[in-house]
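Asks:
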Amino acid sequence: MPQSAKQLELLENSQTTAQQLSALIKSARVFMRKDKGLNGELDRIPMLTWIMFLKFLDDMERIRELEAELSGKDFHPFIDNPYRWLVW
Numbered sequence: 270m271p272q273s274a275k276q277l278e279l280l281e282n283s284q285t286t287a288q289q290l291s292a293l294i295k296s297a298r299v300f301m302r303k304d305k306g307l308n309g310e311l312d313r314i315p316m317l318t319w320i321m322f323l324k325f326l327d328d329m330e331r332i333r334e335l336e337a338e339l340s341g342k343d344f345h346p347f348i349d350n351p352y353r354w355l356v357w
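Going by this note's numbering, the letters in the sequence shown line up with residues 270 to 357, in that order.
1. Candidates 343, 310, 306, 349: which alpha carbon is nearest residue 326's?
2. Three or more C-beta pairs closer than 8 Å, one from the stretch 291–299 and one from the stretch 313–324: is that the case here?
3. Between which two residues does the alpha helix (DSSP H) harbouring residue 344 extend?
4. Please look up how many angstroms separate the CB atoms of residue 329 and residue 317, rounded, as I've assumed it's under 8 Å.
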């Protein structure tokens, strides 16, 4: 049981985020079913997983880039610019 209002708020936010992620994945799976090149869940799930990985990696890279900028350090992304999510 949460001890404080802040802990309760964090718990509620995490549930909301989980619900939002679940809805987003469901929406993406419905959209991907329309793609004739993907035959069934065995094709769609790995593709969706790869897309999500690239998005999460880009989010992490943006944070690292901002931290490097704020601390005056050089930033070298894992993935080159033409292939980064933010450039698509």
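Quick reminder that beta carbons are idealized off the backbone N, C-alpha and C, glycines included.
Replies: Reading from the atomic positions:
1. The count along the sequence shown starts at 1 and reaches residue 326 at position 57. Considering only alpha carbons, the answer is 349.
2. yes
3. Residue numbering aside, residue 344 sits at position 75 when the sequence shown is read from its first letter. From DSSP, residue 344 is part of no alpha helix (DSSP H); its letter is neither H nor E.
4. The count along the sequence shown starts at 1 and reaches residue 329 at position 60. The count along the sequence shown starts at 1 and reaches residue 317 at position 48. The pair is not a contact, with the Cβ atoms about 19 Å apart (cut-off 8 Å).
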